[in-house]
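Novice: Numbering (UniProt numbering), first residue to last: 1 to 471. Idealized CB from N, CA, C, for every residue including glycine. All values derive from a computational prediction rather than experimental measurement.
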Ligand code: G6P
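1. Using the Cα positions of residue 164 and residue 21, report the straight-line distance between them to the nearest angstrom.
2. Based on the DSSP secondary-structure assignment, which residues constitute the bridge partners of residue 42?
3. Starting from residue 95 and walking both ways along the alpha helix (DSSP H), at which residues does that stretch end?
4. What residues in its chain sit with their C-beta under 7 Å from that of residue 26, if we drop five residues either side in the sequence?
5. Suppose the cutoff is 8 Å on Cβ atoms and the five residues either side in sequence are ignored; what does the same chain contact list for residue 318 look like?
6. Using three-state DSSP, classify residue 402 as helix, strand or coil.
7. With a Cβ-Cβ cutoff of 7 Å, do residue 409 and residue 415 count as a contact?
8. Helix, strand or coil for residue 106, going by three-state DSSP, please let me know.
9. What distance in whole Å lies between the Cβ atoms of residue 407 and residue 394, which are believed to be in contact at a cut-off of 8 Å?
10. What is the residue span of the alpha helix (DSSP H) that residue 332 lies within?
11. Taking the C-alpha atoms as reference points, what is the distance between residue 330 and residue 175?
12. By the DSSP assignment, the alpha helix (DSSP H) with residue 450 in it spans what residues?
13. Are there any heavy atoms of ligand 1 lying less than 6 Å away from the beta-carbon of residue 384, as far as the coordinates show?
14. Give a yes or no on whether the C-beta atoms belonging to residue 184 and residue 150 are separated by under 7 Å.
15. Secondary structure at residue 437, three-state DSSP: helix, strand or coil?
16. Hey, residue 358 and residue 423 are a contact pair by Cβ (cut 8 Å); roughly how many whole angstroms apart?
17. In angstroms, rounded to a whole number, what distance separates the CA positions of residue 92 and residue 84?
18. Do you know offhand how far residue 338's Cα is from residue 297's?
19. For chain B, find out if any of its Cβ atoms is closer than 7 Å to the Cβ of residue 234; answer yes or no.
20. Can we count residue 163 as close to ligand 1, meaning its CB is less than 6 Å from some heavy atom?
21. What is the rounded straight-line gap between the Cα of residue 299 and the Cα of residue 29?
22. Could you tell me whether the Cβ atoms of residue 98 and residue 369 are closer together than 7 Å?
23. Given that a residue counts as buried once 16 or more other Cβ atoms are within 10 Å of its Cβ, and exposed if not, what is residue 110?
24. Give a yes or no on contact between the segment 383-398 and the segment 282-296, applying the rule of three or more CB pairs nearer than 8 Å.
25. With residue 422 as the anchor, note down where its alpha helix (DSSP H) starts and where it stops.
26. Find out if the Cβ-Cβ distance for the pair residue 469, residue 223 is shorter than 7 Å.
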C-alpha cells in the first residue's frame, strides 16, 4: 500500500552544477509534514518538476534521480504552462478564490488546457497506482483530478486538500465551469479545507449548483458519501523553535542585528502576490512615519518579497508598484545612518529566515486574503523565551488559531498604523505572555499532526463507504 501525493509542483529543486544536474528535495511545509508522518506506507509524489526539459540526455539522468526518490515527474509544455498554470490556475481560479474577481482574465483555451493537464496528471498517477493505495491530491491546480481518478480506479482512497480560501457561493457561481469543478472535487472521499468557513462555502456551492443532498459535513452521492472537513495546516514547530540552538544561525542572527543598526525591526515575508496586501502594508508604514515622527530613525521595515508567477501581467505590474513605493519611502525618509525599508526581492532559505524571525521585534502579516499563512506561525514558533509581537490580518486563515495576536483589518491603513504603534509600545512581559499562549496552540497542531489527522479521517471514510456499497 502506497501513499501517493499529487501536487502541481514536486517538492524539489533541480540544480545544475557544471554539466551535471542534481535533484534536491525541498523543505516546504507539506513535504516536511509528510516526511515526518510515521507510516508503513511508501510515499510517492507525482507533480511538475518546475522546469521544462526537452527530450535530451540530461532528461534521462534527471528522471532516473527523480524515480529513485519516488518522485514521478509530469512534464508540461510551454503552452500548457501558459494556459493551465499561468492561465486557468493563476488568472482564473487564484483571483476567484481570493475574491479578486477584478484580476480574473478568462479565456476558453485556459479551461481546455486545465482539463488536458489534469488528465496528464491522472495518467501519470495511474502508472503507479495499485488497488488499496491512498491518493492525496493537493490544491486548486488539480480540482478535476479526484473524479478523473475515481472513474478509472474505484478501489483507492482519494483525498483532496484545498490550500487557499474557498470563496462564497455568490462569487463562485460566476465561474462558467462551476459544476465541472465541483463534480471534479466530489470524486474524492474527503474534501478538506483550512477553516470551517471555507468548508461551509464549498458545501453551500455544492448544494446550490449541483442540488445534492448536503449535511453540515458530508455530501450524499450515489451509494457513497463525501466527507468535508477542516484541518488547519501547521508548521514543523520543532524545526523553527529549535533553530536558534544552531550556533551558525545564532551567529548569523547576531551579525544581522548589528548590521540593521539600533532601531526596532518590523519584518514582513511574502511571495509576490496581490492577495498579500503588500502595497497597503507599505502605505501604512509610510503613514506611520508621517504621523509619528518620533519614530523616524528608530524603526525599520524589513520586507522580503519572494519572486512569483512573474509571467502573469498583474504580478509584474505589482512588482513595479512595490519597487516605486519602496523607493519613494526611502527617498523621502532615509538618512545617512538609517534606512526605513530594507527590501529584498528574493526567496530566503530556512536558516536566513529563522535568523530574521529571531531578531524581528514585530512581524507584520497583513494579507487581504490568505488560505492559512504559515509565516505568522513560523515567527511565533522561532521565539525562544524572548519578546516579539505578531500583527495579523483577520483575513488570514491563521487568525482563527492565533487570535491572541494584534488582529487588524488589512485594508484599514489607520488600523495597521495604530497596531504598529501598539506593538512598538507593548511591554515585554505582555509580549512574552501572548507568544507563549500562541506557541501552545501551534506546537500541538503541527504539520505532522495535520497530515496524520487527514490520512486517518480519509481511511475511516473509505471503510464507511466500502460498507455502504456492500449493502
Ligand atoms: C500557494 C498555493 C500553492 C502554490 C504556492 C506557490 O501557497 O496554495 O499551491 O504552490 O502558492 O505558488 P506557485 O505558483 O509558485 O506554485
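Specialist: Result, derived from the coordinates:
1. Roughly 33 Å between the two C-alpha positions.
2. Looking at the DSSP assignment, residue 42 forms a beta bridge with 2.
3. Here the alpha helix (DSSP H) through residue 95 covers 94-97.
4. Correct list, in chain order: 11, 12 and 13.
5. Taken in chain order, the residues that qualify are 272, 273, 274, 278 and 279.
6. Here DSSP, grouped into helix, strand and coil, assigns residue 402 to coil.
7. Their beta carbons are under 7 Å apart, which means residue 409 touches residue 415 by this criterion.
8. Taken through DSSP and simplified to helix, strand or coil, residue 106 comes out as coil.
9. About 5 Å separates the two Cβ atoms, so the contact holds.
10. In this chain, the alpha helix (DSSP H) harbouring residue 332 covers 313-333.
11. Approximately 42 Å between the Cα atoms of the pair.
12. Unbroken alpha helix (DSSP H) run through residue 450: 447-470.
13. Answer for residue 384: no, Cβ out of range of ligand 1.
14. Not closer than 7 Å, so no.
15. Helix.
16. Contact between residue 358 and residue 423 does not hold, since the beta-carbon distance rounds to 17 Å and is not under 8 Å.
17. Going by C-alpha positions, residue 92 is about 10 Å away from residue 84.
18. Taking the Cα positions, residue 338 is about 6 Å away from residue 297.
19. Annotation note: the requested chain B is absent from the structure, which comprises a single protein chain.
20. Residue 163 Cβ: within cutoff of ligand 1.
21. So the two alpha carbons sit approximately 31 Å from each other.
22. Yes, the pair counts as a contact, with Cβ atoms nearer than the cut-off.
23. It counts as buried.
24. Result no; under three Cβ-Cβ pairs closer than 8 Å.
25. Taken as a continuous stretch (DSSP letters only), the alpha helix (DSSP H) holding residue 422 covers 413-425.
26. Result yes, Cβ atoms of residue 469 and residue 223 sit closer than 7 Å.
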